[in-house]
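Undergrad:
There are 2 protein chains.
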Amino acid sequence: MAAEWLDVPAGSAFGTANLPYGVFSIGAEPVRRVGVAVGDRVLDVGAVARAVRADFAGLLGAESLNPLLAAGPAVWRSVRAAVRGWLSGAVPAETVLPHLVDRAAVRLHLPFEVADYVDFYSCEQHAVNAGRIFRPDAEEPLPPNWRHLPIGYHGRAGTLVVSGTDVVRPSGQRREPGREGPVFGPSARLDFEAEVGFVVGVPSPRGRGVRVADFAEHVFGAFLVNDWSARDLQAWEYVPLGPFLGKSFATSVSPWVVPLAALSAARVAPPPRDPEPLPYLRDAEGDPWGLDLRLTVRLNGHVVSRPPFARMYWTPAQQLAHLTVNGAAVRTGDVFASGTVSGPERGEWGSLLELSWNGADPVRLPDGRERGFLRDGDVVSISATAPGPGGAVVGFGEVTGRVLPAVGNGPNA
Amino acid sequence: MAAEWLDVPAGSAFGTANLPYGVFSIGAEPVRRVGVAVGDRVLDVGAVARAVRADFAGLLGAESLNPLLAAGPAVWRSVRAAVRGWLSGAVPAETVLPHLVDRAAVRLHLPFEVADYVDFYSCEQHAVNAGRIFRPDAEEPLPPNWRHLPIGYHGRAGTLVVSGTDVVRPSGQRREPGREGPVFGPSARLDFEAEVGFVVGVPSPRGRGVRVADFAEHVFGAFLVNDWSARDLQAWEYVPLGPFLGKSFATSVSPWVVPLAALSAARVAPPPRDPEPLPYLRDAEGDPWGLDLRLTVRLNGHVVSRPPFARMYWTPAQQLAHLTVNGAAVRTGDVFASGTVSGPERGEWGSLLELSWNGADPVRLPDGRERGFLRDGDVVSISATAPGPGGAVVGFGEVTGRVLPAVGNGPNA
Numbered sequence: 001m002a003a004e005w006l007d008v009p010a011g012s013a014f015g016t017a018n019l020p021y022g023v024f025s026i027g028a029e030p031v032r033r034v035g036v037a038v039g040d041r042v043l044d045v046g047a048v049a050r051a052v053r054a055d056f057a058g059l060l061g062a063e064s065l066n067p068l069l070a071a072g073p074a075v076w077r078s079v080r081a082a083v084r085g086w087l088s089g090a091v092p093a094e095t096v097l098p099h100l101v102d103r104a105a106v107r108l109h110l111p112f113e114v115a116d117y118v119d120f121y122s123c124e125q126h127a128v129n130a131g132r133i134f135r136p137d138a139e140e141p142l143p144p145n146w147r148h149l150p151i152g153y154h155g156r157a158g159t160l161v162v163s164g165t166d167v168v169r170p171s172g173q174r175r176e177p178g179r180e181g182p183v184f185g186p187s188a189r190l191d192f193e194a195e196v197g198f199v200v201g202v203p204s205p206r207g208r209g210v211r212v213a214d215f216a217e218h219v220f221g222a223f224l225v226n227d228w229s230a231r232d233l234q235a236w237e238y239v240p241l242g243p244f245l246g247k248s249f250a251t252s253v254s255p256w257v258v259p260l261a262a263l264s265a266a267r268v269a270p271p272p273r274d275p276e277p278l279p280y281l282r283d284a285e286g287d288p289w290g291l292d293l294r295l296t297v298r299l300n301g302h303v304v305s306r307p308p309f310a311r312m313y314w315t316p317a318q319q320l321a322h323l324t325v326n327g328a329a330v331r332t333g334d335v336f337a338s339g340t341v342s343g344p345e346r347g348e349w350g351s352l353l354e355l356s357w358n359g360a361d362p363v364r365l366p367d368g369r370e371r372g373f374l375r376d377g378d379v380v381s382i383s384a385t386a387p388g389p390g391g392a393v394v395g396f397g398e399v400t401g402r403v404l405p406a407v408g409n410g411p412n413a
Numbered sequence: 414m415a416a417e418w419l420d421v422p423a424g425s426a427f428g429t430a431n432l433p434y435g436v437f438s439i440g441a442e443p444v445r446r447v448g449v450a451v452g453d454r455v456l457d458v459g460a461v462a463r464a465v466r467a468d469f470a471g472l473l474g475a476e477s478l479n480p481l482l483a484a485g486p487a488v489w490r491s492v493r494a495a496v497r498g499w500l501s502g503a504v505p506a507e508t509v510l511p512h513l514v515d516r517a518a519v520r521l522h523l524p525f526e527v528a529d530y531v532d533f534y535s536c537e538q539h540a541v542n543a544g545r546i547f548r549p550d551a552e553e554p555l556p557p558n559w560r561h562l563p564i565g566y567h568g569r570a571g572t573l574v575v576s577g578t579d580v581v582r583p584s585g586q587r588r589e590p591g592r593e594g595p596v597f598g599p600s601a602r603l604d605f606e607a608e609v610g611f612v613v614g615v616p617s618p619r620g621r622g623v624r625v626a627d628f629a630e631h632v633f634g635a636f637l638v639n640d641w642s643a644r645d646l647q648a649w650e651y652v653p654l655g656p657f658l659g660k661s662f663a664t665s666v667s668p669w670v671v672p673l674a675a676l677s678a679a680r681v682a683p684p685p686r687d688p689e690p691l692p693y694l695r696d697a698e699g700d701p702w703g704l705d706l707r708l709t710v711r712l713n714g715h716v717v718s719r720p721p722f723a724r725m726y727w728t729p730a731q732q733l734a735h736l737t738v739n740g741a742a743v744r745t746g747d748v749f750a751s752g753t754v755s756g757p758e759r760g761e762w763g764s765l766l767e768l769s770w771n772g773a774d775p776v777r778l779p780d781g782r783e784r785g786f787l788r789d790g791d792v793v794s795i796s797a798t799a800p801g802p803g804g805a806v807v808g809f810g811e812v813t814g815r816v817l818p819a820v821g822n823g824p825n826a
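From first to last, the protein sequence lines are chains A and B. At position 255 of the first sequence the residue is numbered 255 (the numbering used here), and the sequence of numbers has no breaks. At position 381 of the second sequence the residue is numbered 794 (the numbering used here), and the sequence of numbers has no breaks.
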């Protein structure tokens, strides 16, 4: 129940059922602050903690979410309860109101320091689409391992950028029809991928896996990811060691981390798996981590897709169990992304590769323009909502980015 | 010229021509110190700096090499000249001697905080061997892109460990002959890979590449890498997105970082490339970065291989230019490894995969035992030397690790 003085607009996706965390700064101030989004405002929770909860002042007075992430689930619950109390009249209005800032007036930053970044490939419809596009004559569009494990690879942690960061069109090697060797130049097949990311709070030791059932003991929350992809660079480079320069130039993330605690009403059963996964990958009994997140992708403001996350074949709990089953440790700030989210209908596919069928059938925008792949100046925005308790809506906000023209880079080039 | 009181053993690979940097602690002290190896000892350079060079006390009094790495080439040169002066009588012996510790008495740590980790695949002989082993009927053992770009992929930064760290045999999914689906269990084909790593000091901005000619403006130094590999996990998982759990359980690095400045006498012309690389990958005129490093691999103390780094097809300068040509930024602490180093002769191959031809022709050790792949308890040590100025030898020390048995990990398993 929000305090009387807290004017959250009716139906806001940032109501007190949500309370996502981010990192913001005000004006030209160099200092970064941990904030919680509520309605159209941001609460400087470090400032309130200093006034009324000194025990949280260190965690919430940091310049990134990492200290809070590392503190673990018991502290996450206590902090969430405290913040909710502050917004519900548990402390005098004058303790809180001076630290509520208009969201439109703040600058949002990457909310955490990224340790390792892993990208999965866990949506069956997306993998089937990719298989049909790249191997049209194959009987089975999925690779033989696909239904046995969540395929993933490490991406570049150092080029995760926050929503709003411009993305320079990457240059690199690609093949051109009729030419034997590769040519060098700006990517001609730049794409987006709509994904959901998760951030690890509590580390795991090297040599031990994280069980599916222990997902929420380690993972703090979720956010949105645009895994920008240069399809032509990727096609030439990726055999045999996987994507590299086709992905590593930039990966955009949304600024608000929605805690798992805000997603309890969004949990759904994942789709049936056939064959049954190996024991270490089975959903925890009665506790699966399918999530009914409803994504929307806009290109230059026009909705081009509505990917449904609820249909993902592998859940984030299975992804984390797989990622660590070989004894790999996770650290505070480790990020993993779901892979492109695509539903069964064309209007639910999460990349231009799929929406334009590799450029063969361009997407028609309402302004009459067409897109096979992205052009310079294009703006891609991915947003999402989830069902909250009692009919509330839990919003993720959005991850947005504009494509800038390639710059000359590389020597002698 | 070493000071009279500095008893460096004759022919030491840690003479004053070398002076590699590491991070050490003494006894049970929690504090870590930056050290320079000289002879059989380590100089606590932070302590000396506090006494005689206050301007370096911050950089050298840190608990990792990162502040020094970030300081850039002019500072690297000044610090190296100062340390050499301290060891040559430029300051009184009593200023230095109390801070020289026996190397045998210190504990060595990971010398830097790792940002991103990239592993390349830049040795032609290794790639040819791998092609012949896995695709024996193919006419051309190299993938079509191999001679056009240094193939690479991102590895797991969080599981880089310092030499001496035990490596638990990883578990995971693998195929077994005659069974349709995968089985789960400890890797039965655990391997080493002898590689050379490089660490970035000076960051580059997002959107701009690092030119081949600017390699030494960004990279601080070199060290040894054992890229432990579970061949059976890797074989099942790696199509289409590359190696993941087959590599991510542990990557061992040697504790001493040899600055590029110590490798001037080791620089050699790389082998001829055919076809000529694209302009952004061409060696800088008169300034190529081939390096005559001579590796030795020991298994349980027996020499099993002597891989020659001088024959690498792609140099580290080309690798860095490729890694960034799409606009990917590098950060202080970014690490990239060469890929397995293998020479033309069997006794020069840098992995058991090659030495035992995928287990078909096991390596015979002098004690009469055979190895197709690694057994529990096996100890792998990789060492290297390079030619130094005036007939000196520049040593890299070694990266060593013992294989421990698999532990039960994963839930319900």
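Built from N, CA and C at the ideal position, the CB exists for glycine as well. It should be emphasised that the depicted structure is a prediction, and the values quoted were computed from it without experimental measurement.
Which of the three DSSP states, helix, strand or coil, is assigned to B/T798?
TA: Strand, per DSSP.
Undergrad: When DSSP labels each residue in this structure, what does A/I133 get in the three-state scheme?
TA: A/I133 falls in the helix class under three-state DSSP.
Undergrad: Could you check whether the Cβ of B/S661 sits closer than 9 angstroms to any Cβ belonging to chain A?
TA: Interface residue, yes.
Undergrad: Counting only C-beta atoms, is B/H522 closer than 9 angstroms to chain A at any point?
TA: Chain A, which has no Cβ nearer than 9 angstroms to the Cβ of B/H522, makes this no.
Undergrad: Roughly how many whole angstroms lie between the Cα atoms of B/V638 and A/V403?
TA: Cα-Cα distance, rounded: 38 angstroms.
Undergrad: When the Cβ atoms of the segment 374-381 of chain A are set against those of the segment 236-247 of chain A, are three or more pairs found closer than 8 angstroms?
TA: Touching, no, given that fewer than three Cβ pairs across the two stretches are closer than 8 angstroms.
Undergrad: Name the residues in the segment 278-292 of chain A whose C-beta lies less than 9 angstroms from a C-beta of chain B; which are they?
TA: Cβ contacts with chain B come from L278, P279, Y280, L281, R282 and A284.
Undergrad: Can you have a look at A/L97 and say buried or exposed, based on whether 16 or more other CB atoms are within 10 angstroms of its CB?
TA: With fewer than 16 other Cβ atoms within 10 Å, it is exposed.
Undergrad: Report the three-state DSSP secondary structure of A/S204 (helix, strand or coil).
TA: Residue state, collapsed to three classes: coil.
Undergrad: Would you say B/Y534 and B/T728 are within 9 angstroms of each other, going by their C-beta atoms?
TA: Not a contact, by the Cβ cut-off of 9 angstroms.
Undergrad: Measure the CB-CB distance between B/P818 and B/P583 and report whether it falls below 9 angstroms.
TA: No, the Cβ-Cβ distance between B/P818 and B/P583 is not below 9 angstroms.
Undergrad: Give the secondary structure of A/R418 by DSSP, where H, G and I count as helix, E and B as strand, and everything else as coil.
TA: Not covered by the structure: residue 418 of chain A. The range shown for chain A is 1 to 413.
Undergrad: Classify A/D191 as buried or exposed, calling it buried when 16 or more other Cβ atoms lie within 10 Å of its own Cβ.
TA: The residue is buried, with at least 16 neighbouring Cβ atoms inside 10 Å.
Undergrad: What does B/F597 touch in chain A if you count any residue whose Cβ is under 7 angstroms from its own?
TA: Those are L278 and Y280, listed as they occur along chain A.
Undergrad: Considering Cα atoms alone, identify which of B/L555, B/A528 and B/H561 is closest to B/E689.
TA: Looking at the Cα atoms, B/H561 is the closest of the given residues.
Undergrad: Which same chain residues end up closer than 7 angstroms to A/P150 when comparing Cβ atoms and leaving out the 5 residues on each side of it in sequence?
TA: Here the set comprises F120, S122, W314, Q318, Q319 and H322.
Undergrad: Starting from B/P583, find everything on chain A with Cβ-Cβ shorter than 7 angstroms and list it in chain order.
TA: Simply N326 and G327.
Undergrad: Does A/W5 pass the burial test, meaning 16 or more other C-beta atoms within 10 Å, or should it be called exposed?
TA: Its Cβ having fewer than 16 others within 10 Å, A/W5 is exposed.
Undergrad: A/L233 and B/N739 - do their beta-carbons sit closer together than 9 angstroms?
TA: Their beta carbons are under 9 angstroms apart, which means B/N739 touches A/L233 by this criterion.
Undergrad: Between the beta-carbon of A/F223 and the beta-carbon of A/V399, is there less than 9 angstroms?
TA: In this structure, A/V399 lies closer than 9 angstroms to A/F223 by Cβ.
Undergrad: So, with DSSP's three-state summary, where would you put B/P672?
TA: B/P672: strand per DSSP, three-state reduction.
Undergrad: Taking a Cβ distance cut-off of 7 angstroms, strictly less, list which residues of the segment 470-489 of chain B are near chain A, in chain order.
TA: Result list empty, no residue passes.
Undergrad: How would you write the range of the alpha helix (DSSP H) that B/H735 sits in, first residue to last?
TA: P729 to T737 is the extent of the alpha helix (DSSP H) around B/H735.
Undergrad: For the putative contact between A/G397 and A/S254, defined by C-beta atoms under 8 angstroms, what is the C-beta separation to the nearest angstrom?
TA: At roughly 5 angstroms, the Cβ-Cβ gap stays under 8 angstroms, so A/G397 and A/S254 are in contact.
Undergrad: Does any residue of chain D have a CB that is nearer than 9 angstroms to the CB of B/W649?
TA: In the structure shown, chain D cannot be found, because the protein chains are A and B.
Undergrad: Just to confirm my understanding: we take B/P701, look at its own chain, exclude 5 residues before and 5 after, and list those with CB closer than 7 angstroms. What are they?
TA: The answer, listed in chain order, is A682, P683 and T728.
Undergrad: Taking the alpha carbon of A/S25 as the reference point, which residue from A/L19, A/N18 and A/R33 has its own alpha carbon closest?
TA: It is A/R33.
Undergrad: Looking at the structure shown, is A/N412 part of a helix, part of a strand, or coil, going by DSSP?
TA: Here A/N412 scores only 38 on pLDDT, less than 50, and its place in the model should not be relied on; the value that follows carries that caveat. Coil.
Undergrad: If I measure Cβ to Cβ from A/V393 and keep anything under 6 angstroms in the same chain, skipping five residues before and after, which residues do I get?
TA: Once the five neighbours on either side are set aside, the close Cβ partners of A/V393 are A13 and T385.
Undergrad: Should B/P554 and B/G544 be called a contact, given that it needs their Cβ atoms to be closer than 9 angstroms?
TA: In contact: B/P554 and B/G544 (Cβ atoms closer than 9 angstroms).
Undergrad: Look up B/D645 in the DSSP assignment and give the residues it is bridged to.
TA: Its beta-bridge partners do not exist; DSSP assigns none.
Undergrad: In chain B, which residues lie with their C-beta within 8 angstroms of the C-beta of A/R331?
TA: In chain order: G571.
Undergrad: Does DSSP classify A/N66 as helix, strand or coil?
TA: Looking at A/N66 - three-state DSSP - the assignment turns out to be helix.
Undergrad: Could you pull out every residue in the same chain whose Cβ sits closer than 7 angstroms to the Cβ of B/A423, ignoring the five residues on either side in sequence?
TA: So the list is empty, once near-sequence residues are dropped.
Undergrad: Locate the alpha helix (DSSP H) running through B/R463, then write down its first and last residues.
TA: First-last of the alpha helix (DSSP H) with B/R463: V458 to V465.
Undergrad: Show which residues of chain A have a CB atom less than 9 angstroms away from the CB atom of B/Y534.
TA: By Cβ distance, chain A contributes P240 and L241.
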